[in-house]
Structures are given as C-alpha cells and as structure tokens.
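Heads up: the structure comes next, in structure tokens.
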Amino acid sequence: MTGGCGFVGSHAVLALLDAGHEVVVLDDLSTGHREALPPGVEFHQVDLMDRDATAGVVARGAWDGVLHFAALSLVGESMVEPLRYFRRNYMTALNLIEACVARGVGRLVFSSTAALFGGPERSEPIPETALIQPGSPYGESKHMIERVLHWADAVHGLRSACLRYFNAAGADPGGRAGEDHRPETHLIPLTIDAALGRRPALKLFGTDYPTRDGSCIRDYIHVTDLADAHLRALDQIHDRSVVYNIGNGEGYSNLEVISAVERVSGRKVPWEAAGRRQGDPAKLVADSATLRRETGWTPRFAELDRIVETALLWREAHPDGYGR
Ligand SMILES: NC(=O)c1ccc[n+]([C@@H]2O[C@H](COP(=O)([O-])OP(=O)(O)OC[C@H]3O[C@@H](n4cnc5c(N)ncnc54)[C@H](O)[C@@H]3O)[C@@H](O)[C@H]2O)c1
Ligand SMILES: O=c1ccn([C@@H]2O[C@H](COP(=O)(O)OP(=O)(O)O[C@H]3O[C@H](CO)[C@H](O)[C@H](O)[C@H]3O)[C@@H](O)[C@H]2O)c(=O)[nH]1
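Quick note on full-length UniProt numbering: the sequence shown kicks off at 1 and runs consecutively.
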C-alpha cells in the first residue's frame, strides 16, 4: 500500500488487518504520520518519485493487490501550483504502475476523486457515467491516472478499481486512527477545532453559490465505510477493472456542517464569511448505486452527526493529532 500513513490509507490499513490480511506500507511521510500505523506493520520510507526505490519495494513480494493512496490532494493548492500537482501525482502513479506491470501484480486499487466532476451545479447525484470535467489541476491529474490504468489493463492485464471518493471524513470508531493533515484544510476538522477553541473563527469560503443556503454542498463519507469499499473493490477485480463513485448520496452544505458540529459538540462554532476558494465546485453528491449493487456495500456511518461525532471524539482524545 502507498500512502498508508495518511488519513484514508491508515484507516484502510486497519480494515485490512481486521480482515486478516498482511499489509506492507510505502510512504514518504510528506503529509502522513509514522505513528498512524499500528505496531508490526512493515514500513518503507520511500518517495514514489524515486522510480528505482519504488520498483525495489514492489519487487520484494508476491502481492495479492496494491492500494495506491499517496498523492498531493488539495484542490485549492493545485490551483496555485498546477504543474507540481501534474508532475507529482502523475509521475508517482506511473512509477508504481510500471513496477506493478513489471512484477505481474494483478490488482490495483486507486484513490480517485469527485474532483473529476467540476462542472456547474448539478441537481442529481453523480453516477460514474457523468461527464468528466475536472475543475482543478488536482482533479485533472487524477483523471490522467485513470486513463493510464485503463490502458494498463487493456494492454498488460493489470486490473484496477478507480474509487472516486467524495469527501472523506470521520475517524475510526474504535479511536485507533483519525484525521491529522498539516496544515489542515478540510472543513470538518477545521470546524471541530474552531468549536473547541483551538483555532480562530472558521472562514466560510463562498456564501453566494447557487445552492439552498449559498454555501457549497458536499457528500461526506465516513473513512471507515470508505476503507470497507476498498476491500470489496479488491474482490471485484480478479478478471475485470471497475470504476466506482463513493459517497452517501446525501449532500450537506457548509453551513449545515457547522450546525452539525454545534449540535454534536454542544458548542458554538465561531465563523466568518470569506470569498470563494478557487477550484471549488458548488455541489458534489455521489450516486453510488453501482458500488452498492455490485459489491453489497452499504455505509454504516451514513449520518453526518455520526461522522462528526467520531471525528470529534478522536480530536478530543488527540488534541495534537499524532503528536510532534
Ligand atoms: N481526503 C479526502 O476527502 C479525499 C477525497 C477524494 C480523494 N482522496 C484521495 O485519497 C488519497 C488519500 O487522501 P488523504 O486525505 O488520506 O491524504 P493524506 O495526505 O492524509 O495521505 C497521503 C499519504 O501519501 C503519502 N505520500 C504523498 N506523496 C507521496 C510520495 N511521493 N511518495 C510516498 N508517499 C507519499 C503521504 O505522506 C501521506 O501519508 C489521495 O490520493 C487523495 O487524492 C481523498
Ligand atoms: O476553512 C475552510 C475549509 C473548507 N471550506 C469549504 O468546505 C467545503 C469542503 O472543503 P474541503 O477542503 O473539506 O474538501 P474538498 O471538497 O475541497 O476536497 C475533498 O474532496 C475532494 C473530492 O470532492 C478531493 O478529492 C479532495 O482530495 C478532498 O480534500 C468546500 O466548499 C470548501 O470551500 C470552507 O468554507 N472553509
């Protein structure tokens, strides 16, 4: 697994271990935390930009499958540094895919994104067949990798699952892992920290979107449900490749997220209106019918309050995240 020390990857490590798998993690710790890995997980500190080192780790084993989480993943940052996003996301994925093909790895699960769908406001949840129109270099870089995987299957038989996550949030319900991005840019952890008085007022980016209350709408998916989808996707790709959109199918506005944090924490969230953040689409809500139908996946933590509650519990127990 690449990126196993990050937010989504560390929860996927737990899901794989819980299901009885062995996991080996490759991560450069650029945004992840060594402490996020449970003891005993084999770890290699490698930058995927290093083609030989990447091939070296892939050559060490006979893998049942590879999960690729590592990436630069901030929409706003990619609008400021587009070329860095293209170079790093594309090259790192290519180095890994080449190594997998060279070693005859059969299955690869790739963290794609809802940011593929950056078009104007949509009234309906977004299925896999919707027009791909990335609104940011980040989304575009993920689309390029999806195309590489398409051809790696067609020509080399590397089966893949492109999982287009909507907004991952929450924390392991057992308190074993949580979200600790540095700097943190994601709405739910920032709103929780504002409620806990650990940050100044939350800046609400955009109050003039064509949505029900003027703030952006997103589909929050619990990170444990997301991790479960990876295991199910792996089972689907023995002899074909798949693409799944993954969300709850329910959109919440940024203002509704603020209300949920206030409800769950019992504290006021200080916030102030700010301008729009470049690259943000007005509304992204998933149609995950294909994933549900083909794999039997159903989210266990679909309610926004439950997602917020697990994130809040982890943050209260780890006010400094993974430390340092
Ligand atoms: N968090 C979300 O809401 C969300 C939504 C859609 C898609 N995604 C995608 O899911 C994946 C994981 O997201 P996350 O929120 O867990 O991010 P994260 O930053 O917490 O985790 C990424 C991990 O990859 C590692 N990494 C980055 N570049 C690397 C490199 N060159 N070599 C080796 N390791 C490297 C980091 O150290 C980190 O541990 C990303 O690909 C992201 O684009 C995330
Ligand atoms: O301080 C903040 C932070 C965020 N927001 C707003 O909250 C919403 C959600 O923003 P996040 O940064 O939490 O999440 P994004 O929707 O930008 O992006 C996330 O989901 C995407 C897919 O939808 C990507 O894949 C990406 O990796 C992942 O970070 C956006 O409207 C954003 O403008 C604020 O108003 N204030």
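Note that beta-carbon positions come from the ideal geometry of N, C-alpha and C, so glycine has one too.
> When the Cβ atoms of the region 127 to 138 are set against those of the region 220 to 230, are three or more pairs found closer than 8 Å?
Replying inline: no
>> If you follow the alpha helix (DSSP H) that E140 is in, where does it begin and where does it stop?
In response: Translated into positions along the sequence shown, residue 140 becomes position 140. Segment 137 to 156, the alpha helix (DSSP H) holding E140.
> Cα separation between A293 and T310?
Replying inline: Taking the first residue of the sequence shown as position 1, residue 293 is located at position 293. Taking the first residue of the sequence shown as position 1, residue 310 is located at position 310. Note on identity: in this sequence residue 293 is Arg, with Ala being the wrong assignment. Roughly 27 Å between the two C-alpha positions.
> Which whole-angstrom value describes the C-beta separation of S241 and R164, a residue pair presumed to lie in contact below a C-beta threshold of 8 Å?
Replying inline: Here residue 241 refers to the residue found at position 241 of the sequence shown. Here residue 164 refers to the residue found at position 164 of the sequence shown. Going by Cβ atoms, the distance from S241 to R164 rounds to 14 Å, so no, they are not a contact pair.
> To which residues does DSSP link Y244 through a beta bridge?
Replying inline: Sequence index remark: in the sequence shown, residue 244 carries index 244 (1-based). Partner(s): L163.
> Taking the alpha-carbon positions, what's the I182 to D239 distance?
Replying inline: Within the sequence shown, the letter at position 182 stands for residue 182. Within the sequence shown, the letter at position 239 stands for residue 239. Contrary to the premise, residue 182 reads as Arg rather than Ile in this sequence. So the alpha carbons of these two residues sit roughly 39 Å apart.
> Quick one: what's got a C-beta closer than 7 Å to V101's C-beta in the same chain, skipping five residues either side?
Replying inline: As a first step, residue 101 is located in the sequence shown; it is residue number 101 there, counting from the start. Only A152, H156, L158 meet the Cβ criterion.
>> For the beta strand (DSSP E) containing S111, name the first residue and the last one.
In response: Taking the sequence shown and counting its residues from 1, the one referred to as residue 111 is at position 111. Taken as a continuous stretch (DSSP letters only), the beta strand (DSSP E) holding S111 covers 107 to 113.
> ligand 1 heavy atoms versus the CB of V57: any closer than 7 Å?
Replying inline: What you label residue 57 is simply residue 57 of the sequence shown in a count that begins at 1. Incorrect: V57 has no Cβ contact closer than 7 Å to ligand 1.
> Within the present structure, is the beta-carbon of G206 separated from the nearest heavy atom of ligand 2 by less than 7 Å?
Replying inline: For the purposes of this step, residue 206 is identified with residue 206 of the sequence shown, where counting begins at 1. G206: yes, Cβ under 7 Å from ligand 2.
> How far does the alpha helix (DSSP H) with E294 in it reach, from first residue to last?
Replying inline: Within the sequence shown, residue 294 is the residue found at index 294, counting from 1. Run containing E294: 289 to 295, per the alpha helix (DSSP H) assignment.
> With respect to 7 Å, is the separation between the Cβ of S30 and the closest non-hydrogen atom of ligand 1 below this value?
Replying inline: Residue 30 sits at position 30 when you count from the first residue of the sequence shown. For ligand 1, at least one heavy atom lies less than 7 Å from the Cβ of S30.
> Who does residue 326 pair with in a DSSP beta bridge?
Replying inline: Nothing can be reported for residue 326: it is not among the residues displayed for the chain, which extend from 1 to 324.
>> I want to know whether the region 4 to 12 touches the region 167 to 180 - three or more CB-CB distances under 8 Å.
In response: yes
>> Taking the alpha-carbon of S259 as reference, which of N245, V75, L202 has the nearest alpha-carbon?
In response: Against the sequence shown, residue 259 aligns to sequence position 259. Selected option, being the one with the closest Cα: L202.
> Is the region 52 to 65 touching the region 86 to 104, taking contact as three or more C-beta pairs under 8 Å?
Replying inline: yes
> Using the C-alpha atoms, what's the distance from W63 back to E42?
Replying inline: Reading the sequence shown from its first residue, position 42 is the one you call residue 42. Reading the sequence shown from its first residue, position 63 is the one you call residue 63. Each residue's alpha carbon lies about 14 Å from the other.
>> Using only CA atoms, which one of A233, C5, E316, L67 lies nearest to S288?
In response: In the sequence shown, residue 288 corresponds to position 288, counting from 1. When each option's Cα is compared against that of S288, the closest is A233.
>> Using C-beta distances below 6 Å, list every residue in its chain close to D213, excluding the 5 sequence neighbours before and after it, in chain order.
In response: The residue labelled residue 213 in the question sits at position 213 within the sequence shown. Counting only Cβ-Cβ distances below 6 Å, and skipping sequence neighbours, we find S253, L255.
>> Let me check one thing: in DSSP terms, what residues is H33 bridge-paired to?
In response: Numbered from its first residue, the sequence shown carries residue 33 at position 33. Answer is none; H33 lacks a bridge partner.
> Hey, would you say the C-beta of T113 is under 7 Å away from at least one heavy atom of ligand 2?
Replying inline: The residue labelled residue 113 in the question sits at position 113 within the sequence shown. Checking the Cβ of T113 against ligand 2 gives yes.
>> Residues in the same chain with beta-carbon distance under 8 Å from S30, minus the five sequence neighbours each way, listed in chain order, please.
In response: Taking the sequence shown and counting its residues from 1, one reaches residue 30 at position 30. Excluding sequence neighbours, S30 sits near D47.
> Between the C-alpha atoms of G3 and V24, what's the straight-line distance to the nearest angstrom?
Replying inline: The sequence position of residue 3 within the sequence shown is 3, counting from 1. The sequence position of residue 24 within the sequence shown is 24, counting from 1. G3 and V24: Cα-Cα distance of roughly 11 Å.
>> So the candidates are D28, F7, V66; which of them puts its Cα closest to the Cα of D235?
In response: Working through the sequence shown from its first residue, we reach residue 235 at position 235. Nearest option by C-alpha distance: V66.
> Where do the N-terminal and C-terminal ends of the beta strand (DSSP E) with L196 fall, by residue?
Replying inline: Counting from one through the sequence shown, the residue named residue 196 turns up at place 196. No beta strand (DSSP E) contains L196, which DSSP labels as neither H nor E.
> What is the DSSP secondary structure of Q278, reduced to helix, strand or coil?
Replying inline: Stepping through the sequence shown from its first residue, residue 278 is reached at position 278. The answer is coil: DSSP assigns Q278 none of H, G, I, E or B.
> What's the gap between the Cα of R147 and the Cα of R199?
Replying inline: As a working mapping, residue 147 is identified with position 147 in the sequence shown. As a working mapping, residue 199 is identified with position 199 in the sequence shown. Computed Cα separation, rounded: 40 Å.
> Looking at A161 and K142, is the spacing between their C-beta atoms short of 8 Å?
Replying inline: The sequence position of residue 142 within the sequence shown is 142, counting from 1. The sequence position of residue 161 within the sequence shown is 161, counting from 1. No, they are not a contact pair.
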